[in-house]
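Structure first, then comments.
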Amino acid sequence: MSQAATRRLLAAQLAWQQPSHLARWTRPAAGHAARYSSMPSAAKMRNEMMQDGRVYRIKQKPEETLSQNQAKSIAMFYMSGGPLFPGTFTAMPFSETLTSPSHFLNYNWLHLKAYLSDVLALLSLKLQSIPGWTSRPRWKFKRAQIAPTAVALHREVLEAFAAGDGDTIRKRCSRSYAAKFIAAIERRKPQEQMHFEMSSSRSLFYPKLKTHRISKIPPEVGFSAVMEQAVVAVKTRQRAWKTLKKGGKVVPGSERDQERVEYVVLYRISNSETYKLGDWHVWGSLDGPTTMESYLEDLAMIELEQLERAGWNKKK
8 MSQAATRRLL AAQLAWQQPS HLARWTRPAA GHAARYSSMP SAAKMRNEMM
58 QDGRVYRIKQ KPEETLSQNQ AKSIAMFYMS GGPLFPGTFT AMPFSETLTS
108 PSHFLNYNWL HLKAYLSDVL ALLSLKLQSI PGWTSRPRWK FKRAQIAPTA
158 VALHREVLEA FAAGDGDTIR KRCSRSYAAK FIAAIERRKP QEQMHFEMSS
208 SRSLFYPKLK THRISKIPPE VGFSAVMEQA VVAVKTRQRA WKTLKKGGKV
258 VPGSERDQER VEYVVLYRIS NSETYKLGDW HVWGSLDGPT TMESYLEDLA
308 MIELEQLERA GWNKKK
């Protein structure tokens, strides 16, 4: 096999088969309540989540070796949400791909390949869970429940944020994402009370499961585990406002009423030996659907990483 063909073969390997490089990459999650005056700016949240998501460093105890400390850091990183899987493709609405014939064909071809790759990864794990030829798969992903779960968690987190309920936020969100909400709550003026209302739109297009991916995660978490990530497009009408605790008057300029389409990212960690599914949590949200340019950039990063792991020097 030629060197060029070998490079293409390595680059085509599924990301879930080599999960250890995921810890090196994270994609920023823009907070979906970032437009409210009590939230930090989207740019600030992205920068902070990039820094938080790269590695979790914990204080080493005197009796621990460096390898033990690293194992605990890796376990904390993944159990707290981990990174967004590289190569995640969240397709834009069909009408937006019609800018030109070439863009339409190239974009939808990339989407099809990404979709088939994700389906094959899920199918492979499901087939591995079949104990015998006459048995049904023990692994049940329950995909039909993902979209309504995303809507419910999305609502619960935003309502908890408005109420200043940090415990619920920590319980339902990834560590990095929860930290942004908690920081915004702590910056609120003590004399003000935030209020929030949300109604979700149920139609042919929303809510919609856009991607559903799975990846093996390192054994440092303490058991044989896999992480699932799902991106769900949610259309909602949101209304937020602030009042003074004393007197109940609405704070001028605090009212926000908007209809939004948001791409909510969920994750859960499950045991791949007992096939017991974990609970879904909110990882964050994406700024918008995947563009062809950003996806090609992701593919180039994946190829470079895999070539480095294989020992290839592309300059030679």
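Heads up: the sequence shown at position 16 corresponds to 23 in my numbering, and the numbers run straight through without jumps. Ideal Cβ placement from N, Cα and C applies to all residues, glycine included.
Contact check, residue i vs residue j under 8 Å by CB: the rounded distance?
{"i": "Leu132", "j": "Val233", "result": "7 Å"}
{"i": "Ala247", "j": "Phe203", "result": "5 Å"}
{"i": "Gln236", "j": "Leu273", "result": "7 Å"}
{"i": "Ser207", "j": "Val164", "result": "No, Ser207 and Val164 are not in contact; Cβ-Cβ is about 13 Å, not under 8 Å."}
{"i": "Ala157", "j": "Val257", "result": "The Cβ separation is near 31 Å, so there is no contact."}
{"i": "Tyr302", "j": "Leu105", "result": "That pair is no contact at about 18 Å."}
Which residues bound the beta strand (DSSP E) around residue i?
{"i": "Tyr270", "result": "Arg263 to Asn278"}
{"i": "Ser292", "result": "His288 to Leu293"}
{"i": "Ser207", "result": "Glu199 to Ser207"}
{"i": "Ile221", "result": "Lys215 to Lys223"}
{"i": "Thr243", "result": "Ala232 to Leu251"}
Can you tell which of the options has the C-alpha that lies nearest to the C-alpha of residue i?
{"i": "Ala186", "options": "Ala317, Val289, Pro296 and Ile309", "result": "Val289"}
{"i": "Arg220", "options": "Gly173, Ser206, Ser124 and Leu311", "result": "Ser124"}
{"i": "Gly255", "options": "Met201, Ser279, Pro296 and Ala82", "result": "Met201"}
{"i": "Arg194", "options": "Ala169, Lys178 and Tyr85", "result": "Ala169"}
{"i": "Ala128", "options": "Ser222, Val271, Thr141 and Val238", "result": "Ser222"}
{"i": "Lys196", "options": "Glu103, Lys253, Lys147 and Leu216", "result": "Lys253"}
{"i": "Ser87", "options": "Arg177, Arg162 and Ala307", "result": "Arg177"}
{"i": "Glu166", "options": "Met205, Phe84, Thr250 and Glu199", "result": "Met205"}
{"i": "Ser210", "options": "Thr243, Gln198 and Arg182", "result": "Thr243"}
{"i": "Phe148", "options": "Met299, Tyr302, Ile81 and Arg275", "result": "Arg275"}
{"i": "Lys283", "options": "Pro225, His161, Ala82 and Phe230", "result": "Phe230"}
{"i": "Met299", "options": "Phe212, His110 and Leu91", "result": "His110"}
{"i": "Asp286", "options": "Tyr302, Ile153, Ala240 and Leu105", "result": "Ile153"}
{"i": "His161", "options": "Val239, Ile192 and Val257", "result": "Val239"}
{"i": "Ser181", "options": "Thr250, Phe101, Val241 and Phe84", "result": "Phe84"}
{"i": "Gly260", "options": "Pro144, Arg267 and Thr250", "result": "Thr250"}
{"i": "Ser80", "options": "Ile192, Pro226 and Val126", "result": "Pro226"}
{"i": "Trp146", "options": "Leu303, Asn278 and Glu310", "result": "Asn278"}
{"i": "Ala78", "options": "Glu199, Leu134, Ser102 and Ile224", "result": "Ile224"}
Quick one: give me the first and last residue of the alpha helix (DSSP H) that residue i is part of.
{"i": "Met299", "result": "Met299 to Ala317"}
{"i": "Phe212", "result": "No alpha helix (DSSP H) holds Phe212; DSSP gives it neither H nor E."}
{"i": "Glu166", "result": "Ile153 to Ala170"}
{"i": "Glu193", "result": "Arg182 to Glu193"}
{"i": "Arg179", "result": "Gly173 to Arg179"}
{"i": "Tyr122", "result": "Pro108 to Gln135"}
Tell me whether residue i is buried or exposed, calling it buried when 16 or more other Cβ atoms sit within 10 Å of its Cβ.
{"i": "Asp305", "result": "buried"}
{"i": "Ile137", "result": "exposed"}
{"i": "Lys120", "result": "exposed"}
{"i": "Ala159", "result": "exposed"}
{"i": "Gln245", "result": "buried"}
{"i": "Arg316", "result": "exposed"}
{"i": "Glu269", "result": "buried"}
{"i": "Pro214", "result": "buried"}
{"i": "Gly318", "result": "exposed"}
{"i": "Phe212", "result": "exposed"}
{"i": "Ala151", "result": "exposed"}
{"i": "Ala307", "result": "exposed"}
{"i": "Pro90", "result": "buried"}
{"i": "Thr297", "result": "buried"}
{"i": "Phe92", "result": "buried"}
{"i": "Arg267", "result": "exposed"}
{"i": "Ser74", "result": "exposed"}
{"i": "Arg179", "result": "buried"}
{"i": "Thr281", "result": "exposed"}
{"i": "Ser183", "result": "buried"}
{"i": "Thr218", "result": "buried"}
{"i": "Ala30", "result": "Only weak support exists for where Ala30 lies, its pLDDT of 39 falling under 50; the value from the coordinates is given anyway. The residue is buried, with at least 16 neighbouring Cβ atoms inside 10 Å."}
{"i": "Ala50", "result": "No answer about Ala50 holds up, because its pLDDT of 44 lies below 50 and its placement is not dependable."}
{"i": "Leu311", "result": "exposed"}
Practice item. Specify whether the stretch 97 to 108 and the stretch 284 to 302 touch according to this definition: at least 3 beta carbon pairs, one from each stretch, less than 8 Å apart. Key: yes
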